[in-house]
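Residue numbers (UniProt numbering): 1 to 418. All residues carry an ideal CB built from backbone N, CA and C; glycine is no exception. Presented below is the structure to which this report refers.
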Ligand SMILES: [Zn+2]
């Protein structure tokens, strides 16, 4: 069995790690990450909490609940534009109760206009006449990890999946840790657990004859040596036993599911798996043109089993019918066939749109990178809608010439031009 990058891998089971051969029988035992929640969403609009900014994964921010639908929440980063609102499930590990940062030694990013040292939750809740979300609403897992802050590893850059780069464990919370790429900004960071297929122990690239991308600004990137780097930085490597890659997912082509529409994340649509890799699936929305298909990680919390919406009280967008493709024009809502004018390319600041300019599905918005200025005022523009035109990983990695031909959208190239 080959990994997503074409190399041999070791797999793990739910009971722990094993390093053996993958067989067809074990494949059948794979339990999907996605399941039905066992409790009701208790969050209410206006409740305050702490959580990770998805565009700055290293930062915990002051958040408020802006909308609740079924088992999902729309969260607002206090003091910032509603453009930066984001959706997640009520059991997401990305959210924490008020006071969590202080009790765990994390830095809490205060609302805009507050200095970090003058922010006080008690006063803030009083001033905003708001309620802290009760601690009982949060899910946490107490596990011990062999991954510790400061330890080094080799990790796939999720924005440039061909690159395996020198990385550091920048934070650890419960069973997850934050992968940070040495000397790069935090917009490349991601949270994962020990079973992630995107992380490898120090020395993995050498062992698999793969190029390792040295830290940005390294004096001799062609001849990067781990021994030297670890000594110079006074750091240690994550022990190789700490890694236990999960088995490939059990999704198969033509399986149906309910998936969050990444272009319009307030909506969940009837969807079909149309292609698979070991750790990713290609999602197609039934009735929609295949140009809206996209690849995602198979463990994405936005993929749900059939019946999830009904069970959790969330509206489900049915497959598009031929009549839907015609009616919207005559209704004068939005000129894009199939679109009902719900949502906006610039996020929750606008609830709807009437033209191709604001439409998440219009041709003008489909092929271009949609960017918002960084909410923290940096020069870097941030991809607002995480649209992935990147095709199959192994194709992308095969040959650069081929990539150029295949690429009809955008591939972020941080190794060039930065
Ligand atoms: Zn539209």
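At what residues does the beta strand (DSSP E) containing residue i begin and finish?
{"i": "residue 297", "result": "294-297"}
{"i": "residue 192", "result": "190-192"}
{"i": "residue 271", "result": "268-276"}
{"i": "residue 103", "result": "No beta strand (DSSP E) holds residue 103; the alpha helix (DSSP H) holding it covers 100-104."}
{"i": "residue 74", "result": "72-77"}
{"i": "residue 59", "result": "56-69"}
{"i": "residue 165", "result": "164-173"}
{"i": "residue 51", "result": "48-53"}
{"i": "residue 256", "result": "256-260"}
{"i": "residue 289", "result": "Segment: none, residue 289 is in no beta strand (DSSP E) and carries neither H nor E."}
{"i": "residue 155", "result": "152-156"}
{"i": "residue 86", "result": "86-89"}
{"i": "residue 115", "result": "Unbroken run through residue 115: none, as it is neither H nor E."}
{"i": "residue 176", "result": "176-181"}
Mind checking which residues open and close the alpha helix (DSSP H) that includes residue i?
{"i": "residue 124", "result": "121-127"}
{"i": "residue 204", "result": "204-207"}
{"i": "residue 448", "result": "Outside the shown range of the chain (1 to 418) lies residue 448, about which nothing can therefore be said."}
{"i": "residue 228", "result": "226-233"}
{"i": "residue 310", "result": "308-312"}
Can you tell which of the options has the C-alpha that lies nearest to the C-alpha of residue i?
{"i": "residue 178", "options": "357, 316, 58, 286", "result": "58"}
{"i": "residue 75", "options": "98, 48, 362, 216", "result": "48"}
{"i": "residue 268", "options": "278, 277, 283, 279", "result": "283"}
{"i": "residue 132", "options": "290, 101, 46", "result": "46"}
{"i": "residue 243", "options": "374, 233, 147", "result": "147"}
{"i": "residue 365", "options": "373, 202, 221, 345", "result": "345"}
{"i": "residue 350", "options": "90, 277, 215, 264", "result": "264"}
{"i": "residue 44", "options": "161, 66, 112", "result": "66"}
{"i": "residue 343", "options": "281, 83, 129", "result": "83"}
{"i": "residue 290", "options": "320, 77, 215", "result": "320"}
{"i": "residue 248", "options": "219, 196, 241", "result": "196"}
{"i": "residue 79", "options": "99, 101, 119", "result": "119"}
{"i": "residue 361", "options": "288, 348, 295, 372", "result": "288"}
{"i": "residue 285", "options": "301, 277, 262, 207", "result": "262"}
{"i": "residue 301", "options": "91, 51, 323, 227", "result": "91"}
{"i": "residue 252", "options": "281, 326, 324, 218", "result": "281"}
{"i": "residue 172", "options": "77, 194, 317", "result": "194"}
Problem - Whole alpha helix (DSSP H) elements within the stretch 317-364, 4-residue minimum - result: 322-331
Practice task
Tell me, please, whether the stretch 33-43 touches the stretch 67-84 by the rule of three or more beta-carbon pairs shorter than 8 Å.
Solution key: yes
Handout entry: For review: beta carbons within less than 5 Å of any heavy atom in ligand 1
Key = 334, 336, 339, 359
Practice task
Specify whether the stretch 302-312 and the stretch 94-104 touch according to this definition: at least 3 beta carbon pairs, one from each stretch, less than 8 Å apart.
Solution key: no
Handout entry: Stretch-stretch touch, CB-based, cutoff 8 Å, three pairs: the stretch 181-189 with the stretch 264-280
Key = no
Exercise for the section: Give a yes or no on contact between the stretch 224-241 and the stretch 144-163, applying the rule of three or more CB pairs nearer than 8 Å. Expected result: yes
Handout entry: Given 8 Å, three or more beta-carbon pairs between the stretch 208-217 and the stretch 157-172
Key = yes
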